[in-house]
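Asks:
There are 2 protein chains.
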Amino acid sequence: MKKFTLIGAGLVGSLLSIYLSRRGHKVTMYERRPDLRTNRISAGRSINLALSDRGWRGLEKVGVDKDIRKVALPMKGRIMHGLDSSLSHQPYGKEGQAIYSVSRGGLNCVLMDLAEKEGVEIHYNERCTQVDMKKSAAHFENFTTGKMIEVTSDHIISTDGAFSAGRLQMQLNTDRFNYSQTYLEHGYKELTIPPNANGDFAMDPDALHIWPRGTFMLIALPNMDKSFTCTLFFPFEGEYSFNSLDTEEKMLAFFNRMFPDAVALMPTLKEDYFANPASSLAIVRCFPWSFEDKLLLIGDAAHAIVPFYGQGMNCGFEDCVVFDQLMEEHGDDWSKIFRHFERLRKPDGDAIADLALANFIEMRDKVGHPEFLLQKKIEARFSEKYPERWIPLYTMVTFSPDIRYSEALKRRTTTGKNHGGSDEYSRH
Amino acid sequence: MKKFTLIGAGLVGSLLSIYLSRRGHKVTMYERRPDLRTNRISAGRSINLALSDRGWRGLEKVGVDKDIRKVALPMKGRIMHGLDSSLSHQPYGKEGQAIYSVSRGGLNCVLMDLAEKEGVEIHYNERCTQVDMKKSAAHFENFTTGKMIEVTSDHIISTDGAFSAGRLQMQLNTDRFNYSQTYLEHGYKELTIPPNANGDFAMDPDALHIWPRGTFMLIALPNMDKSFTCTLFFPFEGEYSFNSLDTEEKMLAFFNRMFPDAVALMPTLKEDYFANPASSLAIVRCFPWSFEDKLLLIGDAAHAIVPFYGQGMNCGFEDCVVFDQLMEEHGDDWSKIFRHFERLRKPDGDAIADLALANFIEMRDKVGHPEFLLQKKIEARFSEKYPERWIPLYTMVTFSPDIRYSEALKRRTTTGKNHGGSDEYSRH
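Chains as they are written, first to last, in this note's numbering: chain G, 11 to 438; chain Z, 11 to 438.
1. On a Cα-Cα basis, can you pick out the residue from 97(Z), 99(Z), 83(Z), 76(Z) that is closest to residue 121(Z)?
2. Looking at chain G, is there any beta carbon in it that lies within less than 7 Å of the beta carbon of residue 18(Z)?
3. Can you list, in chain order, the stretches of the beta strand (DSSP E) that have 3 or more residues and sit fully within the stretch 279 to 340 of chain Z?
4. From residue 95(Z) to residue 380(Z), what distance separates their C-alpha atoms?
5. Please classify residue 34(G): is it buried, with 16 or more other beta-carbons within 10 angstroms of its beta-carbon, or exposed?
6. Distance cutoff 7 Å, beta carbons only. Does residue 140(G) sit that close to anything in chain Z?
7. Kindly identify the DSSP beta-bridge partner or partners of residue 111(Z).
8. Exposed or buried, which one is residue 15(Z) when buried takes at least 16 other CB atoms within 10 Å?
9. Counting only C-beta atoms, is residue 216(Z) closer than 7 Å to chain G at any point?
10. Can you list, in chain order, the residues of the stretch 197 to 226 of chain Z whose Cβ is nearer than 8 Å to any Cβ on chain G?
11. Under 8 Å Cβ to Cβ from residue 257(Z), same chain only, skipping five residues before and after it: list those, please.
12. Please state whether the Cβ-Cβ distance between residue 323(G) and residue 73(G) is less than 7 Å.
13. Return the Cβ separation of residue 409(G) and residue 400(G) in integer angstroms, given the expectation that the two are a contact with Cβ distance under 8 Å.
14. Within the chosen definition, does the stretch 285 to 299 of chain Z reach the stretch 191 to 198 of chain Z through at least 3 CB pairs nearer than 8 Å?
15. Assign residue 200(G) to one of two classes, buried (16 or more other C-beta atoms within 10 Å of its C-beta) or exposed (fewer than that).
16. Scan the stretch 179 to 194 of chain Z for residues whose Cβ lies nearer than 7 Å to a Cβ of chain G and list them as they occur along the chain.
17. I'd like the span of the alpha helix (DSSP H) that includes residue 396(G), first residue to last.
18. Among residues of its own chain, excluding the 5 on either side of residue 30(Z), which ones have a beta-carbon nearer than 7 Å to its beta-carbon?
19. Find the nearest neighbour of residue 156(G) within the set 81(G), 266(G), 143(G), 136(G), judged by alpha-carbon distance.
20. Are the beta-carbon atoms of residue 260(Z) and residue 143(Z) separated by less than 7 Å?
21. Indicate whether at least one CB of chain G lies closer than 7 Å to the CB of residue 254(Z).
22. Going by beta-carbon coordinates alone, are residue 173(Z) and residue 159(Z) separated by less than 7 Å?
23. Exposed or buried, what is residue 396(G) when buried is set at 16 or more other beta-carbons lying within 10 Å of its beta-carbon?
24. With a cut-off of 7 Å, does the C-beta of residue 251(Z) fall near any C-beta of chain G?
25. Just to confirm my understanding: we take residue 233(Z), look at its own chain, exclude 5 residues before and 5 after, and list those with CB closer than 8 Å. What are they?
26. Quick check on residue 345(Z) - is its C-beta less than 7 Å from some C-beta in chain G?
27. How close, in whole Å, do the beta carbons of residue 353(G) and residue 329(G) come, if the pair is a contact with beta carbons under 8 Å?
28. Show which residues of chain Z have a CB atom less than 9 Å away from the CB atom of residue 290(G).
29. For residue 197(G), which residues does DSSP report across the bridge?
30. Just how far apart, CA to CA, sit residue 349(G) and residue 297(G)?
31. For the beta strand (DSSP E) containing residue 16(G), list its first residue and its last residue.
32. Within its chain, find whatever has a CB closer than 6 Å to the CB of residue 54(Z); leave out the 5 residues flanking it on each side and keep chain order.
33. Taking 6 Å as the cut-off, is the CB of residue 365(G) close to at least one heavy atom of the ligand MN?
34. Short check: CB of residue 170(G) to CB of residue 17(G), under 7 Å?
35. Using a threshold of 7 Å, state whether the C-beta atoms of residue 89(Z) and residue 217(Z) are closer than that.
36. Are the beta-carbon atoms belonging to residue 414(G) and residue 358(G) less than 7 Å from one another?
Now the structure itself:
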């Protein structure tokens, strides 16, 4: 039995704490925010997320998937909205395959409930100010009381997301830490499509809606309350940008021209647009992810990506699965577990970062062109006929958790070699 | 008259303070280290540096070059040492062209003396702990007294090198700050060749000596005291690495095989090798370099590069020249000066980072091959005959301060277009 300190009780931290508890370890989580369950705030800005097979596998392995299935909405494909409000459909995979819209906050609450049932302790309003890696001690400052504490444990795992405090400690206090944070020219802003007058979904709820407009796009995912959360991905600067749409007139003229059918469903567009922030989008890469057997970065703390493949959370949950397999393999050799984990997952973190960025172009531009949709149709038919010879990239990433992200990326670029399953992943 | 706070009184900070003073501004510098002039410590680990035309221009513009000329040793070319101790020569440029070995500490002392003569105030042992950018306030903690102070001024310039505290504040406190720190697999260790029994240089002092060995190298630059400072650039890990040469026997066997003629001149090799640290080599890129008109990053703080082109200091001094031209051009519009500076210099910082990394391959490998030396000879002849048609890359970077780094890099890759001077640089 080892004592673990987890920095951050978000999605990945909460799930990982369950995995660690199941193996008999004592886990304490320190979360910067108040308890989501008593203060209904959104954890971060993204209100819903797309859960796909890698994420489900992470939940299934500890048997927490059933609770989530009840509150997940299947999206079987994309529905594209043209400038003339015409619709076109593209299925994500075969019959029966779907990605699932889940509430980020709701999922986090369920995972924290389950973690506590396993004996995990969670402390809130605790900001990590420092990590003394040699001593395996984490320092926290309580937002409400101002009290500073030092927490010593056997291992510290930093599951505190893209702006990780644990990772900052690696940057400041270790030599030869490779690090990059790269921001996109685009940011995002959340808007809303409420239920219609009948209290029902205002659009088809079985799909992810996209308004692809070349250099920018609007998307919408369904929520359990029959609303849609819309996200506008838009440049910060330039002719059409968050910066340039600075009056109600300009904004409305632009939306009416670009997203006419959406505007008709957005009674609070004006309020939402000017009240909600334009948030930035960053890609974070770093290495190593560990310091001895004292500190490990997992999830977005190690590899934050852009949201365009819907894989950020899925990748983080897969981290938990891989970490669990390594605990199985290496027993109590934590140095080995940490080193193996970072060596194994770094190529996958890099691959999904590249894939997610590339998918932005596909979503905002290509899906708007009939030739592209035709190509996808042909690919789907071919793959269905000869599944052993070729699998579409989207299927490998989204519905094939046995294929590593790095393998999916490699197969995309070397199609000729695309046969058979990956034995890499099952090796650990 | 504006009040400037400079974080860091190193080479670039000291020179910049002279430029600012000459334009009538009040400059106060806060330096983390003790005063070099009373405590003879090395500022950083690199004991001597190669000063070339861009650096000289920076010194000339404020008339401080004459003091430096007296303590600078011209190196007219490279002398390569073969495994069999045979020597081959390669001139850096035409007759009369040379780069100059100067003592880093000595140069820094002269610049601080000159800065104080201009009325610049310098405080030592002051570590920057925080910058309140909105308020234009920098916080320092004194190493000896522990006292914390807040210094408010009109503008703060961060001239504190590769591990800049000012840059960290940009990373922590501004949105959309792009940043990367990338470490090489190689590190470096300093060794020494003292004067010979006659009290004279043990090798030809008119050159930079290289022992090129493919994946690693040793170099030596002459000092005023007739010693040479040698630097071993060597992998941290692997078959031949700092990590593997962990006993006197292994180290000596390796040096005797690889650098036989150098070993004969290094009586303190054993002591130096095991006493001196293996230091890391990083490339730092970031953007933006400024926050409003409050904080600006200059020199290594904005663009730290590897030392293989001998351009780190030269690039930093050129930053000062460009900044001075922009003060001339934009008068008291500091927002404009800061924005123009970062826009203008970012491509040059990126270019010299790429060139410096590429030159590592040239130095450690190519210069050891006769074909390469022959090619250089042919290029030199051609260029001498048709100077308006083609200039060697090394000459553009080292001896042609009118050609921007970014222009030199571009011309290298598009040789066909290589004619005429750059009008880019003179535009500002």
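Positions of the beta carbon are idealized from the N, C-alpha and C atoms, including for glycine.
Fair warning: this is a prediction, and the values are worked out from it, not measured in the lab.
Replies: Working from what's here:
1. Comparing Cα positions, the closest option is 76(Z).
2. Judged by the 7 Å Cβ criterion, residue 18(Z) is not in contact with chain G.
3. Taking 3 residues as the minimum length, the beta strand (DSSP E) runs contained wholly in the stretch 279 to 340 of chain Z are 289 to 297, 305 to 307, in order along the chain.
4. Each residue's CA atom was taken as its position, placing residue 95(Z) and residue 380(Z) some 15 Å apart.
5. The residue is exposed, with fewer than 16 neighbouring Cβ atoms inside 10 Å.
6. Not one chain Z Cβ lies under 7 Å of residue 140(G).
7. Answer by DSSP bridge pairing, in chain order: 60(Z), 83(Z).
8. It is buried - the Cβ of residue 15(Z) has at least 16 other Cβ atoms within 10 Å.
9. Output row for residue 216(Z): interface = no.
10. Listed in sequence order: no entries.
11. Result list for residue 257(Z): empty, nothing under 8 Å.
12. Cβ distance not < 7 Å, so residue 323(G) and residue 73(G) don't count as in contact.
13. By a beta-carbon distance limit of 8 Å, residue 409(G) does not contact residue 400(G). Their separation comes to about 14 Å.
14. A contact exists between the stretch 285 to 299 of chain Z and the stretch 191 to 198 of chain Z.
15. Counting every other CB atom within 10 Å of its CB across the protein chains shown gives residue 200(G) a total of 16 or more, marking it as buried.
16. Cβ contacts with chain G: 185, 186, 188, 189, 190, 191, 192, 193.
17. From DSSP, residue 396(G) is part of no alpha helix (DSSP H); its letter is neither H nor E.
18. Result list for residue 30(Z): 14, 37, in chain order.
19. Taking only the C-alpha atoms, the option nearest residue 156(G) is 136(G).
20. No.
21. Cβ-Cβ to chain G under 7 Å: no for residue 254(Z).
22. Taking 7 Å as the Cβ cut-off, residue 173(Z) and residue 159(Z) do not qualify as a contacting pair.
23. The residue is exposed, with fewer than 16 neighbouring Cβ atoms inside 10 Å.
24. So no, residue 251(Z) is outside the interface.
25. Cβ-Cβ distances below 8 Å link residue 233(Z) to 57, 58, 83, 111, 113, 239 in the same chain, with the five nearest sequence neighbours on each side left out; the list follows chain order.
26. So, not an interface residue.
27. With a beta-carbon spacing of about 13 Å, residue 353(G) and residue 329(G) fall beyond the 8 Å limit used to define contacts.
28. Result: 185, 186.
29. Partner(s): 244(G), 290(G).
30. Taking the straight line joining both Cα atoms gives about 11 Å.
31. Per DSSP, the unbroken beta strand (DSSP E) holding residue 16(G) starts and ends at 13 to 17.
32. Annotation note: pLDDT 40 at residue 54(Z) (below 50); position unreliable, no value reported.
33. Among the components modelled here there is no ligand, and therefore nothing to report on the ligand MN.
34. In contact: residue 170(G) and residue 17(G) (Cβ atoms closer than 7 Å).
35. It is a contact, given that the beta carbons lie within the stated cut-off.
36. Residue 358(G) sits close to residue 414(G), with the two beta carbons spaced by under 7 Å.
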